[in-house]
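Undergrad:
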Amino acid sequence: MSFFASPRRGRLFTAGAVSLLGPALAACGSSAGEAVRPTTPSAVTAMQADTADAAVTCRPRSYAEPLVVDLSATTRVDFEAAMDGGVALVNYDCKAVRLLKDCRLAGDYRFAGVSRKEEVIHLDNHDEIQANLPVSAQVKVGGGVERAAALDIAYVLVGKRTTPALVSRGVLEGSQCEEATHYIRSATVGAFAVQTSTRGRVAAAAEVFGASTSGESRSARQNARKDGNPQACEQSRPGSDAPPAECRSAIRFELVPVSDKAPVARAGKGDRGDKGDGKEPASKEVASIENPCPEGFKLVAGKCARAADAARTAHLCAPQDLEDCEAQCSVGHAGSCFNLANLAYRDYGKRVSDAETVRNEDRALALWKQACDADVFAACTQYGDNRSSKTGSQPRDMVASQQALARACSGGDAAGCYSLADQKLAGSGGTPKDPTAGMDLLGRACKLGETWACRDMGEYLFAGRYGIARNASRADALLTQFCTQGDIASCHDLGQHLLGLYEDDDRPEAPLAEIPNARSRGRALLDRTCRSGEKKTARACVVLGRILVEDNDPKGRALLSERCSADGKGDACLFLGRAMVGGKGGPVDRAAGVETLLKSADDDAMFTAAQALDRGDGVTKNPARAREILGKLCAQEEHKPSCEALKGGAPSGKGGTPASKGSALRGTTAGK
253 MSFFASPRRG
263 RLFTAGAVSL
273 LGPALAACGS
283 SAGEAVRPTT
293 PSAVTAMQAD
303 TADAAVTCRP
313 RSYAEPLVVD
323 LSATTRVDFE
333 AAMDGGVALV
343 NYDCKAVRLL
353 KDCRLAGDYR
363 FAGVSRKEEV
373 IHLDNHDEIQ
383 ANLPVSAQVK
393 VGGGVERAAA
403 LDIAYVLVGK
413 RTTPALVSRG
423 VLEGSQCEEA
433 THYIRSATVG
443 AFAVQTSTRG
453 RVAAAAEVFG
463 ASTSGESRSA
473 RQNARKDGNP
483 QACEQSRPGS
493 DAPPAECRSA
503 IRFELVPVSD
513 KAPVARAGKG
523 DRGDKGDGKE
533 PASKEVASIE
543 NPCPEGFKLV
553 AGKCARAADA
563 ARTAHLCAPQ
573 DLEDCEAQCS
583 VGHAGSCFNL
593 ANLAYRDYGK
603 RVSDAETVRN
613 EDRALALWKQ
623 ACDADVFAAC
633 TQYGDNRSSK
643 TGSQPRDMVA
653 SQQALARACS
663 GGDAAGCYSL
673 ADQKLAGSGG
683 TPKDPTAGMD
693 LLGRACKLGE
703 TWACRDMGEY
713 LFAGRYGIAR
723 NASRADALLT
733 QFCTQGDIAS
743 CHDLGQHLLG
753 LYEDDDRPEA
763 PLAEIPNARS
773 RGRALLDRTC
783 RSGEKKTARA
793 CVVLGRILVE
803 DNDPKGRALL
813 SERCSADGKG
823 DACLFLGRAM
833 VGGKGGPVDR
843 AAGVETLLKS
853 ADDDAMFTAA
863 QALDRGDGVT
873 KNPARAREIL
883 GKLCAQEEHK
893 PSCEALKGGA
903 PSGKGGTPAS
913 KGSALRGTTA
923 GK
């Protein structure tokens, strides 16, 4: 599905809509009054004029949200094709956005409707035009353009087309990837219109949308861009999977810097299973609203304005600037109230008494609520999350929590959908479980770009957790995408799922019958994870080694030997000891196998080794050493079979089950 206007494909943006003014207008009957007026630049020439009044530069590693209403029809088609084919990579320097056609990353964009928003942005001078419309800054036209032109941009926003992709430089492919600075995380879509304006005067949205078709004089009809029908946008709904037919033009891009580091593995909420109440441990780390503007500009009324101009009106404060956040919140800037709430929640970066923390958290709750009421949807999420447990002096209030999270989710905040999904799936705080609603919310969070919601969906669909029907094919597609994007944790989890080892990686392989080539793919994914060299994924080497030695493959024993040497104990030593004793993946070596089982520090494996030493079963008989091992297991680990053996009772396996004679060397132990 495409949400960019494309004249080539007959969608929304027709060639005739690109410029609503042309030479033909001069031939129309114009009044004498118009003939003596000074020449007013059209919006197209105002947007394309040389706007370099002052240099516009990016802040290091800057996040940005430029308007893209000035995209030409051809450029729109290029961006559309890039987003239809994967993750769109760009070079952005705050002066221009340049699509890198030969830089690729597998991924997709999905649409999610949000609460409809209508707004007019007034760009008062060429500095503001350049800072907010970087696409036009690429095009410079001569011919005496009036440099005092201002612009009014009216838009109706109905949704976002977003990718949940994890983007890092190491997995990009193509000849232009060294030039990649950002990727397009999302494009907000709807309808828009642009007209030239007078400095200091902000038109109403209806005036901007209607000027080109009104009966006013030509000088009032200086529209260069109009795409979509605001009346059609009224058909949109927050839960829609597609925008209305005449309300799907790109309005803004959300540009996120390309990371030089590989994605960091993180546990999603789905990794907790069904044990908790669905609430994560409290954290004081809350993401604030960052300034998306170039160096020397601040966010004012939806646009980037020179800092000197912004100082005279309400603007977004820097997240750590307490004095400015206090000042801007006091004059009603909701985004600054949100940032101030986050500072209060973190005790303003100070060590304070418990009583002061309670007061600060109370203030944070009040400020989040204030910002939420002003449609800062990230504030609704924070308020909702913190009402799901005792915060400050306020007791848990699940009704208030879910109302706030629902508002955040409708407004397009993916984290709000994610938190509400978690509450519905887990039945947090005594609320009834609702798997259907929970999965719908998780799917919406995924569409809105919450990577970990997509990851959790994959886990739930593989496992059939929370009463959700298994759908291995869909789960496979979700985790495969993140693995391709360099998330090694996804590769590891997917490999275990395909081999039927996710819940217990010490049991025999059981490749998923419904997934083609599950066995070979699963093993290849564990091998990739093992070779990644990341400490957290060393488990993949252990599991792969175990299943290879079960196939009598020498590579398995080599993997286990390497991991046992590196770890010094643990499952690698346990599985290696079993392989040596049983002659799997290499010759039988019972003596070395017994010593390796002892090295594993696994209670049952050590008990097995002690039995062998006591009887001389394939090793030199050593009852004294056997008794020493059993004594430590009994005293330090309260290992019941060891305690029974020391008392002279019949040796037994884990849990008191009698052990078969010689079981020490038959390689079956219960623990890890």
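Following the numbering used here, the numbering of the sequence shown begins with 253 at its first residue and continues without gaps. Where is the CB? At the ideal position from N, CA and C, for every residue including glycine. None of these values were measured; they are calculated from a predicted model.
Report the residue ranges of all alpha helix (DSSP H) runs contained in full by the region 858–892; include only those spanning at least 4 residues, in chain order.
TA: 875–889, all fully within the region 858–892.
Undergrad: On the three-state DSSP scale, how would you describe residue 739?
TA: The residue labelled residue 739 in the question sits at position 487 within the sequence shown. Coil, per DSSP.
Undergrad: At 3 residues or longer, and completely inside the region 539–596: list those beta strand (DSSP E) runs for me, N to C.
TA: With a minimum length of 3 residues, the continuous beta strand (DSSP E) runs that stay inside the region 539–596 are 549–552, 555–558.
Undergrad: Rounded to whole angstroms, what's the CA-CA distance from residue 444 to residue 322? Just pull it up for me.
TA: Counting from 1 along the sequence shown, the entry for residue 444 is found at position 192. Counting from 1 along the sequence shown, the entry for residue 322 is found at position 70. Straight-line Cα distance between these residues: approximately 10 Å.
Undergrad: If we require 4 or more residues per run, which alpha helix (DSSP H) segments fall completely within the region 425–500?
TA: You should have 457–462, 482–485.
Undergrad: What first and last residue would you give for the beta strand (DSSP E) that runs through residue 343?
TA: By one-based count along the sequence shown, residue 343 stands at place 91. Taken as a continuous stretch (DSSP letters only), the beta strand (DSSP E) holding residue 343 covers 341–344.
Undergrad: From residue 665 to residue 689, what does the alpha carbon distance come to, in whole angstroms?
TA: For this step, residue 665 is matched to residue 413 along the sequence shown. For this step, residue 689 is matched to residue 437 along the sequence shown. Computed Cα separation, rounded: 17 Å.
Undergrad: Are residue 815 and residue 824 touching if we call contact CB-CB under 7 Å?
TA: Taking the first residue of the sequence shown as 1, we reach residue 815 at position 563. Taking the first residue of the sequence shown as 1, we reach residue 824 at position 572. Yes.
Undergrad: Could you work out which residue in 356, 632, 320 is closest to residue 337 when comparing CA atoms only?
TA: The residue given as residue 337 occupies position 85 in the sequence shown. Minimum Cα distance to residue 337 is reached at 356.
Undergrad: How close, in whole Å, do the beta carbons of residue 679 and residue 636 come, if the pair is a contact with beta carbons under 8 Å?
TA: The residue labelled residue 679 in the question sits at position 427 within the sequence shown. The residue labelled residue 636 in the question sits at position 384 within the sequence shown. Not really, about 16 Å apart at Cβ, beyond 8 Å.
Undergrad: Can you tell me which of the three DSSP states residue 767 falls into?
TA: In the sequence shown, residue 767 corresponds to position 515, counting from 1. It is coil, neither helix nor strand.
Undergrad: Please determine, among 562, 658, 376, the residue with the shortest C-alpha to C-alpha distance to residue 453.
TA: Counting from one through the sequence shown, the residue named residue 453 turns up at place 201. Here the closest residue by C-alpha is 376.
Undergrad: If you count every other CB in all the chains shown that lies within 10 Å of the CB of residue 638, and 16 or more means buried, which is it?
TA: In the sequence shown, the residue the question calls residue 638 occupies position 386. Residue 638 comes out buried.
Undergrad: Can you grab the Cα-Cα spacing for the pair residue 896 / residue 844, in whole Å?
TA: Here the question's residue 896 lines up with position 644 in the sequence shown. Here the question's residue 844 lines up with position 592 in the sequence shown. Roughly 27 Å between the two C-alpha positions.
Undergrad: Got a sec? Which residues, its chain only, sit under 7 Å from residue 626 by beta carbon, not counting five neighbours each side?
TA: Locating residue 626 in the sequence shown gives position 374, where the first residue counts as 1. Counting only Cβ-Cβ distances below 7 Å, and skipping sequence neighbours, we find 586.
Undergrad: Relative to the C-alpha of residue 599, which candidate in 589, 613, 624 has its C-alpha closest?
TA: The sequence position of residue 599 within the sequence shown is 347, counting from 1. Checking every option, the nearest Cα to that of residue 599 belongs to 613.
Undergrad: Is it true that the CB of residue 367 sits closer than 7 Å to the CB of residue 701?
TA: Here residue 701 corresponds to residue number 449 of the sequence shown, with the count starting at 1. Here residue 367 corresponds to residue number 115 of the sequence shown, with the count starting at 1. No, the Cβ-Cβ distance between residue 701 and residue 367 is not below 7 Å.
Undergrad: Does the region 691–707 come close enough to the region 725–743 that 3 or more CB-CB pairs lie under 8 Å?
TA: With a cut-off of 8 Å, the region 691–707 and the region 725–743 count as touching, because enough Cβ pairs lie within range.
Undergrad: For a quick check, are the C-beta atoms of residue 419 and residue 510 less than 7 Å apart?
TA: As a working note, residue 419 is residue 167 in the sequence shown. As a working note, residue 510 is residue 258 in the sequence shown. Yes, these two residues count as a Cβ contact at 7 Å.
Undergrad: Can you list, in chain order, the residues of its chain with a C-beta nearer than 6 Å to that of residue 670? Leave out the 5 residues immediately preceding and following it.
TA: By 1-based counting over the sequence shown, the position of residue 670 is 418. Closer than 6 Å at Cβ, skipping near neighbours: 697, 702, 705.
Undergrad: According to DSSP, is residue 729 helix, strand or coil?
TA: In the sequence shown, residue 729 corresponds to position 477, counting from 1. Residue 729 falls in the helix class under three-state DSSP.
Undergrad: With a CB to CB cut of under 6 Å and the five nearest residues on each side skipped, what residues in its chain are close to residue 504?
TA: The residue given as residue 504 occupies position 252 in the sequence shown. If we look at residue 504 and ignore the five residues flanking it on each side, its Cβ neighbours are 317, 319, 440.
Undergrad: Figure out for me which residue from 416, 748, 506 has the closest Cα to the Cα of residue 384.
TA: The residue labelled residue 384 in the question sits at position 132 within the sequence shown. The residue with the shortest Cα to Cα distance from residue 384 is 506.
Undergrad: Helix, strand or coil: which one does DSSP assign to residue 361?
TA: In the sequence shown, counting from the first residue as 1, residue 361 sits at position 109. Three-state result, residue 361: coil.
Undergrad: So, helix, strand or coil for residue 693, using DSSP?
TA: Your numbering for residue 693 matches position 441 in the sequence shown. The answer is helix: DSSP assigns residue 693 an H, G or I state.
Undergrad: Under the assumption that residue 372 contacts residue 502 (Cβ atoms under 8 Å), give the Cβ distance between them as a whole number of angstroms.
TA: Counting from one through the sequence shown, the residue named residue 372 turns up at place 120. Counting from one through the sequence shown, the residue named residue 502 turns up at place 250. Not a contact, Cβ separation roughly 18 Å.
Undergrad: Using the Cα positions of residue 448 and residue 374, report the straight-line distance between them to the nearest angstrom.
TA: What you label residue 448 is simply residue 196 of the sequence shown in a count that begins at 1. What you label residue 374 is simply residue 122 of the sequence shown in a count that begins at 1. If I take the Cα positions, the gap works out to 10 Å.
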